[in-house]
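Visitor:
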Amino acid sequence: MDIKSERLFPFHFQLLGLVFLFMGMVLIVFSPYFSPIPLLLGGLMLTGYRGIKFDRATRVSRDYHSFLFFKFGKWKKYGQVEQIFINSSKVSQKVYTMVTSGTTIENLDYNAYIIFEDGEKLYLLSDKNKDKLRKKLTGIVDFFQSDINDYTVVN
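If you count the sequence shown from 1, position 79 lands on 79 in the numbering used here, and the numbers rise without skipping.
1. When the Cβ atoms of the segment 50 to 60 are set against those of the segment 16 to 36, are three or more pairs found closer than 8 Å?
2. F116: which of F11, L8, Q83, V19 sits nearest, CA to CA?
3. Put D63 into one of helix, strand or coil per three-state DSSP.
4. Determine the direct distance from the alpha carbon of E120 to that of S138, and round the result to whole angstroms.
5. Nearest CA to the CA of D2: which residue from Y64, G17, T152?
6. When we look at the beta-carbon of G79 and count the other beta-carbons within 10 Å, is it buried (16 or more) or exposed?
7. Restricting to Cα atoms, I'd like to know which of S5, S92, I37 is closest to G17.
8. Give the single residue among R59, L44, K90 whose Cα lies nearest to the Cα of F70.
9. To which residues of the same chain is N149 closer than 6 Å at the C-beta, ignoring the five residues directly before and after it?
Put into structure tokens, the structure is as follows:
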């Protein structure tokens, strides 16, 4: 089972990656020797993501980063699943403008983790909506034949 959890670069970097790809394509015509640099940078920015892969037959997992569809990470054995759980975390960001002294934006994120019998805890997924996160976790729950424990705090 392969779980793609999140992109490694934020949205504005992905837009910059599109600009680099466009620049690289234009440079192919005008200066082909310099075109691979922006093409490579743009490709790295657009294809970079984090994930985790489980192999049930050999009982190994790999927490990986993927660039240009190549996955980098070490395989390690895992034991029985103790639990899959969701918790909440408050994320805040202070934004300053020239007019105001600053405002704080707060969001509640829901994170899913898996804990194995040896105590190892792995991050799986996150979402701002708990119901969407539960839907994403259904394949994982079926794969490990486990239930989801909900440890979210309601304020």
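Just so you know, even glycine gets a beta-carbon here, dropped at the ideal spot from N, CA and C.
Guide: With the structure as the only source:
1. no
2. Q83
3. strand
4. A small fix is needed here, since residue 138 is Thr in this sequence, not Ser. Approximately 21 Å between the Cα atoms of the pair.
5. Y64
6. exposed
7. I37
8. L44
9. Q83, F85
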